[in-house]
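These notes are about the structure you will find just below.
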Amino acid sequence: MMTNDGAMSETESQCRYDVFLSFSGEDTRHTFTSHLYHALCRKGIPTFMDDGELQLGDHIAPALLKAIQESRISVVVFSQNYADSSWCLDELVKIHECMKSKNQLLWPIFYKVDPSDVRHQNGNYAKAMTKHEKRFGKDSEKVLQWRSTLTHIANLKALQENRFNAVRRDESKFIDDLVSKIFIKLSPKDLSSDEHIVGREDRVEELKSLLDLENHNITCLLGIHGTGGIGKTTLAKALYDSVYNKFEGSSFLSHGLKHLQERLLTDILEVSKIKLRSTEDGIKTIKSRLGFKRVLIVLDDVDNIEQLNNLIGREVWFGHGSRIIITTRDKHLLDLGQVNNRYEVKVLNDQESLELFCQSAFRKSFPETNYEYLSNRAMRCCKGLPLALNVLGSHLVGKDFDGWKDALDRYEKSPHEDVQKVLRISYDSLAPNEKNIFLDIACFFKGHRLEYIRRVLDACDFSSGDGITTLVNKSLLSIDNNCLGMHDLMQAMGREIVKEEAWNEVGERSRLWNHEDVLQVLLDDNGSSKIQGIMLDGHQREEEITCVVDTVFEKMKNLRILIVCNSSFSLEPSFLPNNLRLLDWKYPSQSFPSGFYPRKIGSFNLSGSPLLVLEKPFQVQLLDLISQMIVVTFQYLAYMNISYCPMVTEFPDVSGAMNLRELRLDGCQKLVSIHKSAGYLVNLVLLSASGCYQLPSFVPTMYLPSLQYLSFELCSRLAHFPKIDGTMDESLEINISYTDLKELPESIEKLVGLKYLDMTDCKGLQHYQLRKIPELPSSVEKVDARECKCLTSQTSNILWCQVRKEIKRLKVKMPHTEIPEWFDYVNNGGYPVIKARGKFPVIALAFVFRDVNAKDSDLFAADYQAVGMELFVEGKRRRYNNFTLAENHVFLCDLRVLFSLGKWEDVGVGGGNDWKTIKIYCKTEMILCSRGVYVYKHETNMEDIQFTSQRSCSYLVRRLDTFNAARSKKQSLKWQDTYLEHDRKIRSVHELNRLLGIQSSPEGTSVDKDHDSQWEELTDDYYFHDDDDDDGKSQETGHSEDDEEESGSACRSGKRMRRC
226 MMTNDGAMSE TESQCRYDVF LSFSGEDTRH TFTSHLYHAL CRKGIPTFMD
276 DGELQLGDHI APALLKAIQE SRISVVVFSQ NYADSSWCLD ELVKIHECMK
326 SKNQLLWPIF YKVDPSDVRH QNGNYAKAMT KHEKRFGKDS EKVLQWRSTL
376 THIANLKALQ ENRFNAVRRD ESKFIDDLVS KIFIKLSPKD LSSDEHIVGR
426 EDRVEELKSL LDLENHNITC LLGIHGTGGI GKTTLAKALY DSVYNKFEGS
476 SFLSHGLKHL QERLLTDILE VSKIKLRSTE DGIKTIKSRL GFKRVLIVLD
526 DVDNIEQLNN LIGREVWFGH GSRIIITTRD KHLLDLGQVN NRYEVKVLND
576 QESLELFCQS AFRKSFPETN YEYLSNRAMR CCKGLPLALN VLGSHLVGKD
626 FDGWKDALDR YEKSPHEDVQ KVLRISYDSL APNEKNIFLD IACFFKGHRL
676 EYIRRVLDAC DFSSGDGITT LVNKSLLSID NNCLGMHDLM QAMGREIVKE
726 EAWNEVGERS RLWNHEDVLQ VLLDDNGSSK IQGIMLDGHQ REEEITCVVD
776 TVFEKMKNLR ILIVCNSSFS LEPSFLPNNL RLLDWKYPSQ SFPSGFYPRK
826 IGSFNLSGSP LLVLEKPFQV QLLDLISQMI VVTFQYLAYM NISYCPMVTE
876 FPDVSGAMNL RELRLDGCQK LVSIHKSAGY LVNLVLLSAS GCYQLPSFVP
926 TMYLPSLQYL SFELCSRLAH FPKIDGTMDE SLEINISYTD LKELPESIEK
976 LVGLKYLDMT DCKGLQHYQL RKIPELPSSV EKVDARECKC LTSQTSNILW
1026 CQVRKEIKRL KVKMPHTEIP EWFDYVNNGG YPVIKARGKF PVIALAFVFR
1076 DVNAKDSDLF AADYQAVGME LFVEGKRRRY NNFTLAENHV FLCDLRVLFS
1126 LGKWEDVGVG GGNDWKTIKI YCKTEMILCS RGVYVYKHET NMEDIQFTSQ
1176 RSCSYLVRRL DTFNAARSKK QSLKWQDTYL EHDRKIRSVH ELNRLLGIQS
1226 SPEGTSVDKD HDSQWEELTD DYYFHDDDDD DGKSQETGHS EDDEEESGSA
1276 CRSGKRMRRC
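So in our numbering, spot 768 of the sequence shown is number 993, and the numbers just go up one at a time.
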């Protein structure tokens, strides 16, 4: 039996011989060893056998040592007098060294001796070793090494078939079997070609780390999955070639079941052929014969769980240290097989793609001269898919420049057929429902939000949940950031399948997405009942479609999907199919056709339409069989968008659409009433009606238990907020900024999931006294009450008390008020210095800001000011944050939210009980009059935190006169633009120029050089320094405090912040 854990040498390409024979000439030169030598030669196996003249003197001849080193396998024939020869023992030591250092194979044969005699040096071996001890000394290094080597080799896994007993076994048959095994072992097992495989090395190393090859105490399964043509098999072969020599046996399998069982046993047991009676017989044989072997098995392109169950079953079928690798397109098979250790093969990057393409097209790693552009164009066509790169590159070999351009023109329209054949394997295995989902996404919905696509597909009676999961598992789809993705070549393959439905009759295809094809069908009025979906996209230009008859959709009675973008019809359609499930169209009429009642519609997107009447189709009544009136329900309707419809004045009764999840009414400037049924849509998740300037109220009462977002921003006449008619515990954000609300109802406390309440610039609250916020739910994390200047002290106390509730991720902006005395630290003259140990402190910070400067407050009273916060830990700046705030306001925030951190490691500092110093600085033109810190007692021990203060330097603006302060204000607007524009409060820079009489240079600095120099000098003030680490090594991270509110950053890493 072969040993050294079973493998071929990594240096076998340098070997001169396949087999080296080590034997005792006295015992076997003219018998067993001679017969074995000639049998190996007849099989064509180069074999070294010394002629007897080399073994002269006390030391082994250099030629023998060299022959051992240049052999792939050493066959050692242990016989009765083997140990008598010091030359044989020296050979054995050298063979053992090569086995350990060069992964050379060692095949021990016990010829008429018991392995235990060799292992323990009994019998003749004891006599021989006694003789050597007398000659060289009992404790001589040479004798001890001989004994150790004999013991180690005899302890190797030598099975019964390695023993020859003349009484029990036929010598010629034993030799024939032995030669067959050696021949199989010497047969090339490398699966990859010698050619360089682009990107292989790094990926193989990643896979090796997942296999944990050094751990021999476990059996490991690894799943390699990915789309067709991505290179799974190529990568698995490269991995196999790099590690198979570390195992006792290995096999790379693909296709068939009983045949694969036979192949598996043949490869690992290294016998010429095994025949199995049945699959069950194969399972029993695998378990019994391989249960104690450390093996490597690769199952390639598995598409059936039966293959896993019958070939590898469970880990216990194989010996400890075994590794089983499965490649598949279907990730779900790995779930069924409980293969949790996985590697997804990704597409190649651009550099790798270009290199692989060039290897196929030019037989080198870079493009030929003058073919650089076309090579890059070809690379982009393939989108990183190795199969496509190889096929296209091979197809272009030998073509001239024009031939390349023609081929690429064709390929960009339709992938090469060889690529499509591979990609289509996964599609052909799908169920009809899954095929429909795949084609809909390929033709219409690639890149769209997952939830949106599911709504449409469910309305089409497709099982979107299971269907999309199956497509993702089979690598036909991907999900990234809640959007559905698809490889471009997969999309092209799907669209090609639709074209195959009717090559010459476009109107007979199920789906139309190509602009020219859609226009042909509409203009020629040659649609049919086979059309299920149409997408007409005028791309960047608004396109008017003329010469289309108003009955163009009458022939398309099975139309499910109608998407019209950037296109308008000259005639109003007189018919729309009732089978529609998605209507996405800036509909060109003030009303729908009579008889249009799409009862299974899932998505209405009519944004920007001139619709005047929305009551139909929602209020249609039909007679049932007993002549009673019934109301049609729209049970599939989940999405409705009538934003920016300028003529809509009323929103209709939608009580029949109780599954509605998203309702958008933004920018309907004439909307004055919303039916009360909108307040009781139990599945509604989002309701946005921002910018409805004429809307006086929403609904009297509401109970929307699924609601997560509600916005009436910029509804300047909205004066009443509805009463809450039941507990709503979903996480909820409410934006009522820039409205005319007078008060919030007491029932707001029923919004137990409320997280964010934005009341910015509520003018109604400014002009009415004694307005208050009722008791807020304990779940509230964020309140924005900027410009609500007449809130009472009771209301402010309610907001402060959110801190005492130790609300995590708290963030509040509100008009000026004093920091409560129960804060753990309040300071009016400096910045808090916090010392903490143990866990990162959980604290809330409060900052109270006053105006910019009394002399210019009238000029800038309405503007929001920029605030820059900096976090220093152990003297090094680690974080910064920017946000905007009105003058005379309070900013209250959880430290973890302000700087996006929660542990010491987030700022590059280790934990432990050492005291660490935290400082927080603020940069703004407003006057910061007080600061406070509150410790969350449930999470931070007061014994682990201390407070001191550090005086701040005087403000720059206090050193300037009114004119220079105003001019600085104008300059600061340049970096604040993004903040002020969003809040709709920015003043025109040109207006400031007019007021201040300042002219700016193209670079944005003042032409007044004296002013600029004065500004430069003043930036030397300590307060305006970034205090970066030496040599630019500061580990800081910066962000804007609210990405949804504000964008841009006032600070640039490594640069001095001039104006914050």
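Beta carbons are placed, not taken as given, at the ideal position from N, Cα and C, and that holds for glycine.
Fill in: Candidates 606, 814, 664 and 494, of which the one nearest residue 543 by Cα
494
Discussion item. Considering only their Cβ atoms, is the gap separating residue 906 from residue 1290 smaller than 8 Å?
Written reply: The requested residue 1290 is not part of the displayed model; the chain covers only 226 to 1285.
Discussion item. Per DSSP, what are the beta-bridge partners of residue 272 in this structure?
Written reply: 244
Discussion item. Excluding the 5 residues flanking residue 606 on each side, which residues of the same chain have their C-beta closer than 8 Å to its C-beta?
Written reply: 613, 617, 633, 636 and 637
Discussion item. Can you look up residue 674 in the DSSP assignment and give me helix, strand or coil?
Written reply: strand
Item to complete: With a 10 Å radius around its C-beta and 16 neighbouring C-beta atoms as the bar for buried, classify residue 359 as buried or exposed.
Response: exposed
Fill in: Which listed residue (1076, 1141, 1064 and 1152) has its alpha carbon closest to that of residue 1163
1064
Discussion item. Let's test the definition: count the other Cβ atoms within 10 Å of the Cβ of residue 960 and tell me whether it reaches 16, buried, or not, exposed.
Written reply: buried
Discussion item. Considering only the alpha carbon of each residue, which of 1125, 954, 1134 and 253 lies closest to residue 1099?
Written reply: 1134
Discussion item. Quick check: the Cα distance between residue 627 and residue 621, rounded to an integer number of angstroms?
Written reply: 11 Å
Worksheet item: Looking at the structure shown, is residue 952 part of a helix, part of a strand, or coil, going by DSSP?
Response: coil
Worksheet item: Do the segment 553-564 and the segment 519-532 make contact, defined as three or more Cβ pairs closer than 8 Å?
Response: yes
Discussion item. For residue 338, count the other beta carbons within 10 Å of its own beta carbon; 16 or more makes it buried, fewer makes it exposed. Which is it?
Written reply: buried
Item to complete: Answer yes or no: do residue 826 and residue 784 have a C-beta to C-beta separation smaller than 8 Å?
Response: no
Item to complete: Give me the Cα-Cα distance between residue 982 and residue 700, rounded to the nearest whole angstrom.
Response: 42 Å
Discussion item. Using a Cβ-Cβ cutoff of less than 8 Å, which residues in the same chain neighbour residue 451 once the five nearest sequence positions on both sides are dropped?
Written reply: 457, 554, 569, 570, 571 and 700
Item to complete: Report yes or no: do the segment 1148-1166 and the segment 1121-1131 share at least 3 C-beta pairs separated by less than 8 Å?
Response: no
Fill in: Proximity below 8 Å, CB of residue 1116 to CB of residue 1072
yes
Discussion item. Tell me which residue opens and which closes the alpha helix (DSSP H) that residue 520 is part of.
Written reply: No alpha helix (DSSP H) contains residue 520, which is instead part of the beta strand (DSSP E) from 520-524.
Discussion item. Suppose contacts are defined by Cβ-Cβ distances below 8 Å. Is residue 807 in contact with residue 828 by that definition?
Written reply: yes
Discussion item. Bridge partners for residue 942 per DSSP, in chain order?
Written reply: Paired residues: none, contrary to the question.
Item to complete: Pick helix, strand or coil for residue 313, following the three-state DSSP scheme.
Response: helix
Item to complete: For the segment 687-697 and the segment 719-730, state whether three or more C-beta atom pairs, one from each stretch, are separated by less than 8 Å.
Response: no
Worksheet item: Who are the near neighbours of residue 490 in its chain, counting only those whose CB is closer than 7 Å to its CB and skipping five residues on each side?
Response: 499, 510, 511 and 514
Worksheet item: Would you report the Cα separation of residue 1139 and residue 1050, rounded to the nearest angstrom?
Response: 22 Å
Discussion item. Within the continuous alpha helix (DSSP H) that includes residue 377, where are the two ends?
Written reply: 366-380
Worksheet item: If residue 801 and residue 778 are in contact, beta carbons under 8 Å, what's the gap, nearest whole angstrom?
Response: 6 Å
Worksheet item: Mapping DSSP to helix, strand and coil, what is residue 818?
Response: coil
Item to complete: Write down the C-beta distance between residue 593 and residue 587 rounded to the nearest angstrom, noting that I regard them as a contact closer than 8 Å.
Response: 6 Å
Item to complete: Return helix, strand or coil for residue 479, following the three-state DSSP convention.
Response: coil
Item to complete: Determine the closest residue to residue 1042 out of 1154, 427, 1092 and 956, with distance taken between C-alpha atoms.
Response: 1154
Fill in: Spatial neighbours of residue 401 in its chain, beta-carbon cut-off 8 Å, leaving aside the 5 residues before and after
264
Worksheet entry | Straight-line gap, residue 1149 to residue 1090 (C-alpha atoms, nearest Å) | 7 Å
Worksheet item: Using the C-alpha atoms, what's the distance from residue 922 back to residue 650?
Response: 57 Å
Worksheet item: By the 10 Å Cβ neighbour count, where 16 or more other Cβ atoms means buried, how is residue 992 classified, buried or exposed?
Response: For residue 992, the predicted model reports a pLDDT of 37, less than 50, meaning its position is unreliable; a value from the coordinates is still stated below. Classification of residue 992: exposed, given that the 10 Å Cβ count is below 16.
Discussion item. Counting C-beta neighbours from all protein chains within 10 Å, is the total for residue 517 16 or more, i.e. buried, or is it exposed?
Written reply: exposed
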